[in-house]
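Asks: First residue of the sequence shown? That's 84 in my numbering, and the numbers climb one at a time after it.
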Amino acid sequence: MNEIEERLASDNPAYICTLFSKLVSVIEKKQDEVVTNENRQLELLQFLERKCIDKNSLVALTAARALLKLVQDGIVDKNKVLLDLTSTIVATESYSGLCYLLNEMLVIKMVQNEGIYYNLWSPQHPLVSVMNQHFKSSVEIFYNIENTCVINQRSYITKLYWPIYYYLFCNPESQLNTPILYKYWNLLLKETDNEHMNLMFNIVSWMQFHNSNRLLIIIDFLLQCLEVHIIDKSTYIVEALAVFLSSLLHDVIKLGLNPISIIRSLQKTLNFLMHSSSSNLIVLLISSSLIDCPVNYLTDLLILCEMLLKSADINELSLRCLQISLFNWMVFKSDLLEMKYIKRMIIRIEKITEQINNGTKKDNLTFNCLVKKLKSNQYNLHIAFELYTLCNYLNADVFIFWLARFSSNMNEVLSKNLFIFLCGMILFKSLNENAINELLQLLIHLVKKHNCYSTLLLTAVLYKLSCTKNPEMHFILLKTFPHLIICKENVPFIFHTLESLRSSTIPVRTFIMKLHFDIWNLDPKYYINLQNLLTEKIHKISLDEDLEVNVVKSKILREICIKRPELYGGELVSFLSEVLNKYRHKNGSLPSSLALEGISALCKAGIVDIFSTLKELFPKFRSDTRDRVLISFCNLVSTVPDYFEESERCVSLSQEVTTLLWEFATQSGDKNVRRSAYEGLSNFKIEDISDTMPERYKICTNDVLPAFGLVNCECWINILKSSPEDTLDAIGTMLFRLIEIEIIEFRPRIYQVPEGGREPDTYNYLSVYSPLRAITNYVKLNVQKMKLNAAYLQCLRVLSLEYKKPLPPLDWCFLQELVHYKQAKFFCICIASHQVRSSGSARRFMENIVVALTTNEHECLDVFQNLRFLCDSIQPAILRPFIKNALTYSLKLYDEDEHFFNTINTCLKSTLSRHDIHEANRATISDVLVYVIKNADQKSPSFESILKTTAELSKNYVSKFNLDRTSIWKFLLFVKVRIAKALYSKENHFSWLNEIFNVEDYTQGEQIVILQEVVKVIKKYKNDPSVRVWILELLGQTQALIVDNGSTEKRLNFLCSTIVISFIFLTDQDILILNPLEIIKDSNMALTLFPSSVYGAVKTNLWQEYVPQLLEWLYNMSNCKFIMFSYQTTFYQTLSALRHEKAFGRKLYWLKYMDRKMDIIS
């Protein structure tokens, strides 16, 4: 061997060839010998293999040729040689001979029809392994491949060398800027059959264009391919490439690259797009590009659009989106752009849309199946495709219902892509005012998330304004202006439009004022514009018009005082005073009352002094007779206690105010003024209002003299008896507040009853000045007289209200005599219910009532409204039959009296939600609910209402609704109860779904029912972290089932369906389908939406950190033999959709993810 080594040092190829030829002969002779010297033969073969990776390329290549001859002659096993050579790749520093021999070995296997199972990962293609160690070897490998294709077949590229193409073109770590890659690409393009095109589109689907350098080169590759197929007149391929290039156009522009090459190439494809839906997709995609396109390339892009409008059939959606993009350029006039193209195109668009609306031009187009497959890994193309499809079914009748499905927290990526489409819908003439209003509300909400698009919406609104003569539509459109002020580019257009309307009619001018106020409300820096309108003097208008203007001004002034008194309050005082002085007549009550409310707000903010203000206002309004003004004035003076201080002026003012309020309360002829006055009095202390109480109500006896301003408690009864019936509720509310303050100050000893002793018969042990004593004694002493007049009933109402503390001990047995009267029944039940915990007599009374009403269900509402109090004291044996009978009765009566059921159901839910009720009664209510729900009619609307109450049931009671598949209704109950818990429980929403998914063998129909219910929970909590946790748990369950060798394939496929549907509704992709139930029923439709759904999810903060986990799951499931093939394919396509994620290229994982080809062209 040493001798051979010395001879191989020669530079003569012929001499070296001779040496290796002799070596081959020696090996062949030893093979023919009867007794083979295996060790010697093995030594020679190993020598040859070592020389294949020799540093001297001449020696390496010659040795490779010698070893190849041995393989061809059958002396050496090709598989062993392949294995040996592959094991040396990591350590070798020379690759020319290695590449040659590896290539030839693979070709031999192909010729001999042996299966080639190599891919990018496992088992890894030997030549990929070489390139992974020595990227420069790609040049050597190319020439070997080229030579092979010349000698053998070009089909070898797709069958034998596809992993090499994947590695070179789809490597996220490569720069794609090596000249050799163009040679590889051109070699691929030499054949245009389906197999080669399939490989080409597979490469395109995996290419990463996340930076400008890669994107430029990728586009260059695609343009070469496009040129080839234009020459071949391959419409199918040209159409798909044109659409795909259009989807890249926006990325090119956003990255600051030159798009001219794409635009020019697209112009060449127009003849291929004349009668294809792809022309619509291209227009939709170009529309978004137009918005961000620099002026340098705009003319070329406009020419392309104009050519499309002339040569292709474009539908109204695409036209309107294009029109919106053109408006963006039209409003900002510039000498750098020739506006003639834009104006000409807008005119043409209007003509075409008019033809469409008249029915003379119809959208009767076909889909390109290749585009449908390519859209899965290009998000903007997917959105354009689905929108185009949707628009064919989205007529004016269903449009509002479709809009209603948009959620307030829509997926950010989706909402961004939908914005221009929704703006285009504004221009549809088929939509009425209601539809446009709903659409604008949605767009305004989206503008708050994407401020950059506010100009698009504004231009659409301005154009719509100029095209419609409908006044109602004008008002709807103008109301969007305040929300669009957030973008400074919009400000001149908004204020110019509003300024042009100032000279219009008075109703329009007042509306403009309101808009300016709304603008100020959103951004205070525009206050000067509002101020100019408020101070403007309008001449030559009627008195009624002047009043209308000043009412609006006064309302705006009031709102400013309420919202930002610290900024403008001081300067508004003079405006408010002017209004008060100007409108002293009867017709001026509204502006005056609004001005008073503004002053009240300034007083609360401390901008003006309440004392000096009231000193000025008292003389003006003490004798005012305008009811509305007096109500506002009462509200103003009632705030005096808020500024109370220990000073003479404060005491004096307090007396003056309460005196005035008593005067209004007792002398005014308007019930609303009297009510406002009593409401104002209730804000003062009892001493203050007692001291100034009119003398005719006061009672003075020798044993009860006024003290500290207090009066005999009987005075309050006199007021009730002497007041009009329509004022009694206001008086009762005042007394309630006084009693509540009194009760709060009670010490604990007042609630103590001697053990074994009776409860007191009266409240005579309370102070003689106590309103509570007066009211209670009056009720009890007069119970025998049965005088259920208005004053008596008002006393009962006051006692029946809920106080922060229980009333002091009292024997409530007298309520037995009152409860039989219809007017008093509810009050009696409320009084006893509130005291049931601390009073034995109240408890016995309520027990009797509950027992009596157990068989009189129609009269039970009064008790149910107090159920939460009763559940803390009444025995379960008494409550159970009462609740059960009442609830059952309410369900039977639902169609006739829905309110009856709703009241009972609400009370049950409220009671169960409380933590302070007795556990025995909680169990009682829960048992009754379980029984009633199990026997309820699931078709009745009442069933959905009562299901909400189950959210308050504990886990033990939910488990009583077990899975019973003997009946569809029992199965539905099992599902719906858990869905209700998930929807309406306060936490752990998705944990309630786990029990549903633990079952292994659901039928197809059962799966559809479950998914229809589950999506309700997903839609409601899609931004809650718990949904992410739950879906990740589902991913884990599928992996566990695979490890279990797919023993439960049916359940595995169902979990996959659940994950697919979950992501679709999680990211709002269901919006793209007219009927969301079709997504659940049609798995093919769901699978088309899944890749973009996962893409939309990972772009949110909720999912970003879990991308590696999702990629691993998608890869594992795409290779899982236990799930349907359609799922495997879709999960692999989804991997492609996520190829731009950083986690995709980590630690060479991308090699594993791209381990096979997809059938894009079949």
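The beta-carbon is built from N, C-alpha and C at its ideal position, and this holds for glycine as well.
#1: Is the beta carbon of Glu572 less than 8 Å from the beta carbon of Thr542?
#2: How many angstroms separate the CA atom of Arg1005 from the CA atom of Leu962?
#3: Going by Cα to Cα distance, which pick from Asn475, Met556, Ile191 and Trp1113 is closest to Leu514?
#4: Near Lys416, which residues of its chain fall below 8 Å by C-beta distance, leaving aside the five closest residues on each side in sequence?
#5: If you count every other CB in all the chains shown that lies within 10 Å of the CB of Phe484, and 16 or more means buried, which is it?
#6: Can Ala325 and Ser361 be called in contact, C-beta distance under 8 Å?
#7: Could you check where the alpha helix (DSSP H) with Glu399 kicks off and where it finishes?
#8: For Leu849, tell me which candidate among Glu1096, Leu1194 and Leu890 has the shortest Cα-Cα distance.
#9: If distances are taken between C-alpha atoms only, which option among Ser140, Glu132 and Val142 comes closest to Leu165?
#10: For the alpha helix (DSSP H) holding Leu312, just list the boundary residues, first then last.
#11: Anyone know if the C-beta pair for Ile814 and Asn801 falls short of 8 Å?
#12: Please return the same chain residues whose Cβ sits closer than 6 Å to the Cβ of Ser498, not counting the five positions on each side in sequence.
#13: Judging by CA-CA distance, which residue of Leu306, Val213, Asn451 and Asn122 is the nearest neighbour of Ile136?
#14: On a CA-only basis, which of Lys531, Asn615 and Ser1074 is nearest Ile639? Give me that one, please.
#15: Select from Ile386, Leu364, Lys337 and Arg920 the residue whose C-alpha is nearest the C-alpha of Ile346.
#16: In this structure, how does DSSP classify Asn478 when only helix, strand and coil are distinguished?
#17: Excluding the 5 residues preceding and the 5 following Ile439 in the sequence, name in chain order all residues of the same chain whose CB lies nearer than 6 Å to its CB.
#18: Closest to Arg431 by C-alpha separation, out of Asn441, Lys456, Leu402 and Gly442, would be which residue?
#19: Relative to the C-alpha of Phe1073, which candidate in Asn1106, Gly923, Glu1089 and Phe1054 has its C-alpha closest?
#20: What would DSSP say about Asn202, mapped onto helix, strand or coil?
#21: Whose CA, out of Asn441, Ser625, Glu661 and Phe947, lies closest to the CA of Ser675?
#22: For Gln958, name the three-state secondary structure that DSSP assigns.
#23: Would Tyr249 be called buried (16 or more neighbouring beta carbons within 10 Å of its own) or exposed?
#24: Helix, strand or coil for Leu1221 per DSSP?
#25: Please state if the CB of Asn281 and the CB of Ile1243 are separated by a distance shorter than 8 Å.
#26: Strictly by DSSP, which residues pair up with Gln207?
#27: If we call anything under 8 Å between Cβ atoms a contact, is Ala1220 one with Val1190?
#28: Below 8 Å on the Cβ atoms is my guess for Glu649 versus Ala688; work out the distance and round it to an integer in Å.
#29: On the three-state DSSP scale, how would you describe Leu168?
#30: Which residue from Asn517, Leu526, Glu699 and Phe600 puts its Cα closest to that of Cys506?
#31: Just the Cα atoms here: how many angstroms apart are Lys597 and Leu605?
#32: Hey, how far is the Cα of Ile858 from the Cα of Gln877?
#33: Please check if any C-beta of chain C sits within less than 8 Å of the C-beta of Lys1240.
#34: Would you check if the segment 452 to 460 and the segment 489 to 497 touch, i.e. whether three or more CB-CB distances between them fall below 8 Å?
#35: Can you tell me the Cα-Cα spacing of Gln1187 and Ala1180, whole angstroms?
#36: Just how far apart, CA to CA, sit Gln1152 and Ser1023?
Replies: Here's the rundown:
#1: By 1-based counting over the sequence shown, the position of residue 572 is 489. By 1-based counting over the sequence shown, the position of residue 542 is 459. Cβ atoms of Glu572 and Thr542: not closer than 8 Å.
#2: Residue 1005 sits at position 922 when you count from the first residue of the sequence shown. Residue 962 sits at position 879 when you count from the first residue of the sequence shown. When only Cα atoms are considered, Arg1005 and Leu962 end up about 11 Å apart.
#3: Counting from 1 along the sequence shown, the entry for residue 514 is found at position 431. Of all alpha-carbon atoms in Asn475, Met556, Ile191 and Trp1113, the one lying nearest the alpha-carbon of Leu514 is that of Met556.
#4: On the sequence shown, residue 416 is found 333 positions in, with the first residue counted as 1. Within the same chain, Lys416 has close Cβ partners Met422.
#5: Within the sequence shown, numbered from 1, the residue matching residue 484 stands at position 401. Exposed.
#6: Residue mapping note: residue 325 aligns to position 242 of the sequence shown, counting from 1. Residue mapping note: residue 361 aligns to position 278 of the sequence shown, counting from 1. Yes. Within cutoff.
#7: As a first step, residue 399 is located in the sequence shown; it is residue number 316 there, counting from the start. Start and end: Glu399 to Met413.
#8: Looking up residue 849 in the sequence shown gives position 766. The option with the nearest alpha carbon to Leu849 is Leu890.
#9: Residue mapping note: residue 165 aligns to position 82 of the sequence shown, counting from 1. Of Ser140, Glu132 and Val142, the residue nearest in Cα terms is Glu132.
#10: For the purposes of this step, residue 312 is taken as residue 229 along the sequence shown, with counting starting at 1. Position check: residue 312 holds His in this sequence, whereas Leu was assumed. Note, His312: alpha helix (DSSP H), Ser295 to Asp315.
#11: Within the sequence shown, the letter at position 731 stands for residue 814. Within the sequence shown, the letter at position 718 stands for residue 801. It is not a contact, given that the beta carbons lie outside the stated cut-off.
#12: Here residue 498 is taken as the residue at index 415 of the sequence shown, counted from 1. Cβ within range, chain order: Leu529.
#13: Mapped onto the sequence shown, residue 136 falls at position 53. Answer by Cα proximity: Val213.
#14: Numbered from its first residue, the sequence shown carries residue 639 at position 556. Its Cα nearest to that of Ile639, the residue Asn615 stands out among Lys531, Asn615 and Ser1074.
#15: Position 263 of the sequence shown, counted from the first residue, corresponds to residue 346. It is Ile386 whose Cα lies nearest to the Cα of Ile346.
#16: Against the sequence shown, residue 478 aligns to sequence position 395. If DSSP states are grouped into helix, strand and coil, Asn478 belongs with coil.
#17: Taking the first residue of the sequence shown as 1, we reach residue 439 at position 356. Here the set comprises Glu399.
#18: Locating residue 431 in the sequence shown gives position 348, where the first residue counts as 1. Of Asn441, Lys456, Leu402 and Gly442, the residue nearest in Cα terms is Leu402.
#19: Here residue 1073 refers to the residue found at position 990 when the sequence shown is read from its first residue. Of the listed residues, the one whose Cα sits closest to Phe1073 is Asn1106.
#20: To locate residue 202, count along the sequence shown from 1; it is residue 119. The answer is strand: DSSP assigns Asn202 an E or B state.
#21: In the sequence shown, the residue the question calls residue 675 occupies position 592. That would be Glu661, whose Cα lies nearest to the Cα of Ser675.
#22: Indexing the sequence shown from 1 puts residue 958 at position 875. For Gln958, the three-state secondary structure derived from DSSP is coil.
#23: Position 166 of the sequence shown, counting from 1, holds the residue named residue 249. Tyr249 is buried by the Cβ-count criterion.
#24: Sequence index remark: in the sequence shown, residue 1221 carries index 1138 (1-based). In this structure, DSSP gives Leu1221 a state outside helix and strand, which the three-state scheme calls coil.
#25: Here residue 1243 refers to the residue found at position 1160 when the sequence shown is read from its first residue. Here residue 281 refers to the residue found at position 198 when the sequence shown is read from its first residue. In contact: Ile1243 and Asn281 (Cβ atoms closer than 8 Å).
#26: In the sequence shown, counting from the first residue as 1, residue 207 sits at position 124. Gln207 is bridged by DSSP to Asn202.
#27: In the sequence shown, the residue the question calls residue 1220 occupies position 1137. In the sequence shown, the residue the question calls residue 1190 occupies position 1107. Not closer than 8 Å, so no.
#28: Reading the sequence shown from its first residue, position 566 is the one you call residue 649. Reading the sequence shown from its first residue, position 605 is the one you call residue 688. Between Ala688 and Glu649 the Cβ distance is about 6 Å, and since that is below 8 Å, they are a contact.
#29: Within the sequence shown, the letter at position 85 stands for residue 168. Correct three-state label for Leu168: helix.
#30: The sequence position of residue 506 within the sequence shown is 423, counting from 1. For the residues Asn517, Leu526, Glu699 and Phe600, the minimum Cα distance to Cys506 belongs to Leu526.
#31: If you number the sequence shown from 1, residue 597 lands on position 514. If you number the sequence shown from 1, residue 605 lands on position 522. Between Lys597 and Leu605, the C-alpha separation is close to 13 Å.
#32: Translated into positions along the sequence shown, residue 858 becomes position 775. Translated into positions along the sequence shown, residue 877 becomes position 794. Near 9 Å, if we compare the C-alpha coordinates of Gln877 and Ile858.
#33: Protein chains in the displayed structure number just one, and chain C is not present.
#34: Below 8 Å, too few C-beta pairs join the segment 489 to 497 and the segment 452 to 460 to call them touching: fewer than three.
#35: Within the sequence shown, residue 1187 is the residue found at index 1104, counting from 1. Within the sequence shown, residue 1180 is the residue found at index 1097, counting from 1. Whole-angstrom Cα-Cα distance: 8 Å.
#36: Stepping through the sequence shown from its first residue, residue 1152 is reached at position 1069. Stepping through the sequence shown from its first residue, residue 1023 is reached at position 940. Distance between Gln1152 and Ser1023, taken at the CA atoms: about 31 Å.
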